[in-house]
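Student: I have a structure I would like to understand better, so I am pasting it below and will then ask my questions one at a time.
In my numbering, the protein residues as written are 3 to 746.
What follows is the structure, encoded as C-alpha cells:
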C-alpha cells in the first residue's frame, strides 16, 4: 500500500484499535416523499398523529409538507443507527397506510403536480418557513423534493485520545481533532465520485420534474428519462446542487468558515445550511453552524451524497454504510500527495489490504469484493438494475411495487422493534409508541425492562410498560397478593370465589375431602402469568390434588384453593377511568388432522412466527409439561393421542396467553356494565393501570349478582395481548399509557 500513511497504520495495529475504528458516533437522516398509490405526490399536511414536528426528535418535515424526514439519535455503532432508522421507517410507513399514503422509495421525486401546488412546510418558526419560501423562489419547489440519506459520523473520543497522545506536535486536542476531519474531508472531496458511482441509485427521473433536464436526457419509456453514464441523477447537474460550484476551503476550520460566511455576505447563500456540498463540517447540536466550529472545533462530518436506493427497504443497506465507513478510514490513512495515480479499482485494492492489515477482513472484505465486482461489471450496479427494472415496467410502477412490498414487510413484523428484541414485547410497544409521539427514550436497565421517557418537561421511569408512577408501591402489593385482593373486592361488594389459603402442603392435603366433590382452582397466592395454576372441573384423585398443590407451592409459600366460577374468562385492561381493551383468552389448544399426535400438532402450531418465549412475541409457545399432562389425563388423553380431523383438544384449563393460549379481542362486544365493574374493581385497589380477570356467564347481559366473579387483579398486565390479539383490533394500549403519563 504505497499511498498509505504507514506510521498511522502501524500505530493503529500496535494499539489494537481495529474494533474501536468501527465504534464512534453515528447518526442517520432520511427524507421520503409521501405519495398516493398511483405514484403521485400527496399534497396533504404532515400527519398530526406524529405530534408537534417542531419538537419531534425523530419525525419531522423537510422542505415540503409532502416530504417527511426521519432522524435517528446518535449511536455508538452503525448497526444501532441503522436499526433505529428502520424502526422509524416502519412506524411512519404503517401510520401513513391508514390514510392511504405511502413512502416513495427513491431519491428522484414521484409524479409531480404543477410547481405552485407543491405545499411548502408550515412551521411554527417564521424564519424557517420564510427560508423555505426563499429556497422555492431560488431553486424551484420541485428540485427541493429530491431526497436522500445523510450519514453523520465522528470518531470516539477513546480512539482520538489514543492517536492524540502519540502525536509529536504541540497542537491542542481541538486542533488535532480538526486536522483529522479536515484531512478526511480533503481526501473525500478528491475521491467522492467513487462513492457516487458505487452507491448511486437514482438514474431515472420523471418528465414532470424538469423540462430543461428532459432536454438534456434520453427517454427510457413513457414519462421516464435518464442522463447517459449518470448513476446518481440526484448528484448530477440537474440534481440537488447549489446554483454554482462554490469554492470552499477545507484547509482549516477558519478558512472553511470564512468562505461560507463570505458567500452569505455576498447573498450567494441564504445561510450556512444552504451550502449543499456532499460533505459538510458540523458543530455540535444547538451550536451556531459557523461560530460553533470556531469555538469548539469540528464535532462531526455530514456526508450528503447517499441516494435513497429503492432496492432496499429504508433506502440503503448496512453494507453500504459499512462501505462508507471503510472509505472514511481509508481517507484518514491516505497520504494526500499520492492520490493522482489511483483509479477506482486501485482504491478498492488498497482498501482490501487496509482491512486485512487492521484485522477487519473477516467482517468486511466481502463488501469490498462486491463493490469491486460492480466496478468491473457496470450491469451489476444499483443504477443499472434500477434502470432495467423501470424499463421493464414504468417509473411509477417500479417504485410503487417496492413501496407496497416494503409496507407488507413492515406489517408482517409490526410487533418487532429492531435492536430491542431482547426486551419484553409490551416494553417494545411502549418504546415504539414513544418514538411515534416524539418522546425521548433511555434504556435504564435492559434486563429489567426499565426505561426512562422524557418529553422535555419531565422524565417518567417505567418498568415492564405498565409499572409507572401512576400506581403506588402499596397498590402493587395489594394486587400481587391474591388473598388481600379478594378481601378488598369482597368489602367493596363484588363477587369473588370462596375458598381457603394454606401455608403448607400437608395442611392443604388434609382438606381434600372438603373439595373433592367440587370444581376448584389451585393457585399460588402471589404469582402471575398463570404459573402454578391447576383447575379441576371434573372428579380428581387425592394424588392429582396433591400433585397440583405441589406445583403451586413451587411458586409461593401460600397456596389458594378456591371454587371454580362458571362462565368464560375475560381480561379487562383498565387504564385510568376507562377500559382500554377486553380479551377472551382461549386456553392452549390444538386442532386434529386425523394423523398427527397432540405433541406433533403442538410442534406445528408453535412454528407460527407470532409465537415465541419470554413475552417477546404476541403469543407464547405451547408447552408440554406436567400441567398439560395432568389436564389431558382428566380427558383420558396423553401427548401421543391422535385427535380426529377437526377435533379441538384443550391442553390447559387456565387461559393465560403466557401458557400458550389464544387471545380474542371482544372490547366492543361486552356489556358496558362489566366495564364499569372493572373500573370500580381497579379503584377499590387504588390502581390506575391493572388487569381485571373476570368470569362471566353471559357477557351480553348486564351485571347481576351471580352472572360474574372477579378472580384476580393483575398489577402488571401485558399490553401486547391487547395490541396484537390473535383475532381482533389493536387497542393501542401503549399510546394510552403515554397519554396518562404525559397528557395529550
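The beta-carbon is built from N, C-alpha and C at its ideal position, and this holds for glycine as well. On a predicted model such as this, the values are computed, not experimentally measured, just so you know.
Given a threshold of 16 other Cβ atoms within 10 Å of its Cβ, counted over all protein chains shown, does residue 18 qualify as buried or as exposed?
Tutor: exposed
Student: Please give me, in chain order, every unbroken run of the beta strand (DSSP E) with length at least 3 that falls completely inside the stretch 697-744.
Tutor: 710-716
Student: Take the Cβ of residue 143 as the centre, count every other Cβ of all protein chains shown within 10 Å, and call the residue buried at 16 or more, exposed below.
Tutor: buried
Student: Taking residue 456 as part of the beta strand (DSSP E), name the residues at either end of that continuous run.
Tutor: It spans 452-456 - the beta strand (DSSP E) in which residue 456 sits, taken as one unbroken run.
Student: With respect to the alpha helix (DSSP H) encompassing residue 683, which residues constitute its N-terminal and C-terminal limits?
Tutor: 674-686
Student: Let's test the definition: count the other Cβ atoms within 10 Å of the Cβ of residue 26 and tell me whether it reaches 16, buried, or not, exposed.
Tutor: buried
Student: Just to confirm the assignment: which complete beta strand (DSSP E) runs, minimum length 3, are found wholly within the stretch 568-604?
Tutor: 570-577, 580-588 and 591-593
Student: Could you give the first and the last residue of the continuous beta strand (DSSP E) run that contains residue 503?
Tutor: Segment 501-504, the beta strand (DSSP E) holding residue 503.
Student: With a cut-off of 8 Å on the beta carbons, I'd call residue 259 and residue 296 a contact; round off their distance for me.
Tutor: Contact holds; Cβ gap of about 6 Å.
Student: When the distance is taken between beta carbons, is residue 270 closer than 9 Å to residue 246?
Tutor: yes
Student: Going by beta carbon distance, what residues of the same chain come within less than 8 Å of residue 646, once the five residues before and after it are set aside?
Tutor: 594 and 596
Student: Leaving out the 5 sequence neighbours to the left and right, which residues in its chain are closer than 8 Å to residue 85 when beta-carbon positions are compared?
Tutor: Once the five neighbours on either side are set aside, the close Cβ partners of residue 85 are 420 and 421.
Student: Look up residue 425 in the DSSP assignment and say whether it is helix, strand or coil.
Tutor: coil
Student: Would you decide whether residue 437 is buried or exposed? Buried here means 16 or more other CB atoms lie within 10 Å of its CB.
Tutor: Looking at its Cβ environment, which holds 16 or more other Cβ atoms inside 10 Å, residue 437 is buried.
Student: In the DSSP assignment, find the beta strand (DSSP E) that holds residue 11 and state where it starts and stops.
Tutor: Per DSSP, residue 11 belongs to no beta strand (DSSP E); it is in the alpha helix (DSSP H), 8-16.
Student: With a floor of 4 residues, list each alpha helix (DSSP H) that falls wholly inside the stretch 612-653, ordered by position along the chain.
Tutor: 628-635
Student: Go to residue 667, then tell me how far its alpha helix (DSSP H) extends in each direction, as first and last residue.
Tutor: Note, residue 667: premise wrong, no alpha helix (DSSP H); beta strand (DSSP E) at 664-667.
Student: List the DSSP bridge partners of residue 207.
Tutor: 227
Student: Quick check on residue 660: does DSSP put it in helix, strand or coil?
Tutor: helix
Student: Counting pairs of beta carbons, one from the stretch 552-559 and one from the stretch 672-684, are three or more of them closer than 8 Å?
Tutor: no
Student: Is any beta-carbon of chain B found at less than 9 Å from that of residue 48?
Tutor: Reference to chain B is not applicable here, since this structure consists of a single protein chain.
Student: Pull up the CB-CB distance for residue 653 and residue 633, whole angstroms please, since I reckon it's below 8 Å.
Tutor: 6 Å
Student: How many Å lie between residue 95 and residue 639 at the Cα?
Tutor: 48 Å
Student: Rounding to the nearest angstrom, what Cα-Cα distance links residue 123 and residue 170 in this structure?
Tutor: 51 Å
Student: Are residue 383 and residue 195 closer than 9 Å when you measure CB to CB?
Tutor: no
Student: If you run the structure through DSSP and keep just helix, strand and coil, what is residue 526?
Tutor: strand
Student: If you measure between the beta carbons of residue 668 and residue 572, is that distance less than 9 Å?
Tutor: yes
Student: On the premise that residue 417 lies in contact with residue 726, defined as a C-beta separation below 8 Å, what is that separation, rounded to the nearest angstrom?
Tutor: 5 Å
Student: From residue 2 to residue 193, what distance separates their C-alpha atoms?
Tutor: Absent from the model: residue 2. The displayed extent of the chain is 3 to 746, so no value can be given.
Student: Answer yes if the stretch 184-193 comes into contact with the stretch 213-223, meaning at least three C-beta pairs across the two stretches below 8 Å, and no otherwise.
Tutor: no
Student: Taking just the CA atoms, how far does residue 365 sit from residue 681?
Tutor: 55 Å
Student: According to DSSP, is residue 53 part of a helix, a strand, or is it coil?
Tutor: coil
Student: Between which two residues does the beta strand (DSSP E) carrying residue 33 extend?
Tutor: That run of the beta strand (DSSP E) goes 26-37.
Student: How would you call residue 201, buried or exposed, if buried means at least 16 neighbouring beta carbons within 10 angstroms?
Tutor: It is buried - the Cβ of residue 201 has at least 16 other Cβ atoms within 10 Å.
Student: Would you call the stretch 722-741 in contact with the stretch 575-584, where contact means no fewer than 3 C-beta pairs closer than 8 Å?
Tutor: yes
Student: Among 272, 68, 61 and 180, whose alpha-carbon lies nearest the alpha-carbon of residue 141?
Tutor: Selected option, being the one with the closest Cα: 272.
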